[in-house]
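S.K.: First the structure, which I've put down as structure tokens, then a few questions once you've had a look.
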Amino acid sequence: MPGHAHAAIAAMKARYHVTNDTTYLLSDLNDRSRYKFVAVCLYSIFRYLLALEAAVCPRRLLFCRP
Numbered sequence: 665m666p667g668h669a670h671a672a673i674a675a676m677k678a679r680y681h682v683t684n685d686t687t688y689l690l691s692d693l694n695d696r697s698r699y700k701f702v703a704v705c706l707y708s709i710f711r712y713l714l715a716l717e718a719a720v721c722p723r724r725l726l727f728c729r730p
């Protein structure tokens, strides 16, 4: 993920605080570190990336492969 992933991390944390839904949460709520990258070990990361991909290139799913 590029360095500007911080915006996605902040947006999904804000979404969690409004909806209480962890589906696309990009960080661990118990970890107090300050992230500037995505922790790929969380399953919600893959759900987020697939949803993002479906919005950007709906006919080419699984990370825009032809």
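Going from the sequence shown to the working numbering is simple: count from 1 and add 664. All C-beta atoms in this analysis are idealised placements derived from N, C-alpha and C, irrespective of residue type, glycine included. Remember, it's a predicted structure, so these values are computed and weren't measured experimentally.
(1) Quick one: what does DSSP say residue 665 is sitting in, helix, strand or coil?
(2) Would you mind reading off the limits of the alpha helix (DSSP H) that contains residue 707?
(3) Could you work out which residue in 693, 686, 694, 695 is closest to residue 710 when comparing CA atoms only?
M.R.: According to the structure data:
(1) Residue placement at residue 665 is poorly supported in this model, since its pLDDT is 49, which falls under 50; the coordinates still yield a value, given next. Residue 665 falls in the coil class under three-state DSSP.
(2) 707-720
(3) 686
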